[in-house]
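Just below is one structure, and these are the notes that go with it.
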């Protein structure tokens, strides 16, 4: 018998002073049986960093042709393709071919550095690709916030990110690789 996804619900208050986005999002996340809390919370952070009423979680791990998050224009075109972790070159190329913007958020410090050294030269031609890395240990701190029902606040100002619940606050800045 196959394991089913675990459902998480999150009320996420985003105050993005850099983009002028202030909104509360009521989100439902399905954590695939093979996904860790760490990866799921990085997906949630990626949502917060790009929050928009048209941004959606996809089937992600269970679909090869969908990113972790995407945003469509009103006419159905993909305007934003968001990946977390260390996607392979083929997946990034697919996103770049199908979307106006592609963003990758890496979070496993040592393996992410090796991955980027191997893949970066192959991605030079994609001017609409951005790659960011979370500081070491931040993804583990994010995982500690994971609960089946979450109430989180995210504030972004001048590149500084604060993510908190009623007990814990995490503050960091992403490292921009591209």
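Numbering (the working numbering), first residue to last: 50 to 227.
Every residue gets a Cβ at the ideal spot worked out from N, C-alpha and C, and that includes glycine.
By alpha-carbon distance to residue 65, the top candidate from 79, 107, 205 is 205.
Taking 8 Å as the cut-off, the beta carbon of residue 94 is found no closer than this to the beta carbon of residue 178.
Using a 10 angstroms sphere on the CB of residue 137, the tally of other CB atoms stays under 16, which defines it as exposed.
For residue 143, the enclosing alpha helix (DSSP H) has its first and last residue at 138-147. Taken in chain order, the complete beta strand (DSSP E) segments of 3 or more residues contained in the stretch 54-109 are 55-65, 70-80, 104-106. Going by DSSP, residue 122 is part of no alpha helix (DSSP H) at all; its letter is neither H nor E. Runs of the beta strand (DSSP E) lying entirely within the stretch 151-197, each at least 3 residues long, are 178-182 in chain order. For residue 220, the enclosing beta strand (DSSP E) stretches over residues 218-222. By the neighbour-count definition (other C-beta atoms within 10 Å, threshold 16), residue 60 is an exposed residue.
Residue pairing for residue 200: DSSP places it in a beta bridge opposite 60.
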